[in-house]
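Heads up: the structure comes next, in C-alpha cells.
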Amino acid sequence: MKRHIVKELTERCLDCDQAIWVSGYQNTHRYVGYDAKLCRYCDIWLDSTCPDPICQYCSRRPKRPSLIPYADLVVD
Ligand SMILES: [Zn+2]
Ligand SMILES: [Zn+2]
0 MKRHIVKELT ERCLDCDQAI WVSGYQNTHR YVGYDAKLCR YCDIWLDSTC PDPICQYCSR
60 RPKRPSLIPY ADLVVD
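If you want it as C-alpha cells, here you go:
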C-alpha cells in the first residue's frame, strides 16, 4: 500500500491560519507525492499545476487534497 508523503511547514494558510503542508517529491512504488503545498483545513492546493500534461506530479494530482487515495506518512 502506497503512502502519501507530507511535511508540515511553519507557514500558515492566509485563509484559515492553520499550518500549511507540503506534499513530497517522491513517486515510487511505495510512496507518492505531488510536489505542491496544500491546506488540509481548507482542502485546497496552494500551488497551481504546471503546464506539462504528463508531469509525474501534477498530472496525477487529485482535485482536492482530501481525494488523495493514500494514507499520509508525515516526515520531518
Ligand atoms: Zn487554509
Ligand atoms: Zn508538474
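Each residue of the sequence shown is one higher than the one before, counting from 0 in numbering that gives the first Met the number 0. Even for Gly, the Cβ is constructed at its ideal location relative to N, Cα and C. Keep in mind the model is a prediction, meaning the values are calculated, not measured.
Any heavy atom of ligand 2 closer than 7 angstroms to the beta-carbon of residue 56?
yes
Contact check, residue 37 vs residue 22, beta carbons under 8 angstroms:
yes
Length of the line joining the Cα atoms of residue 5 and residue 72
6 angstroms
Which one or two residues does DSSP pair with residue 30 in a beta bridge?
2
Report the rounded CA-to-CA distance for residue 45 versus residue 32, giving the unit in angstroms.
15 angstroms
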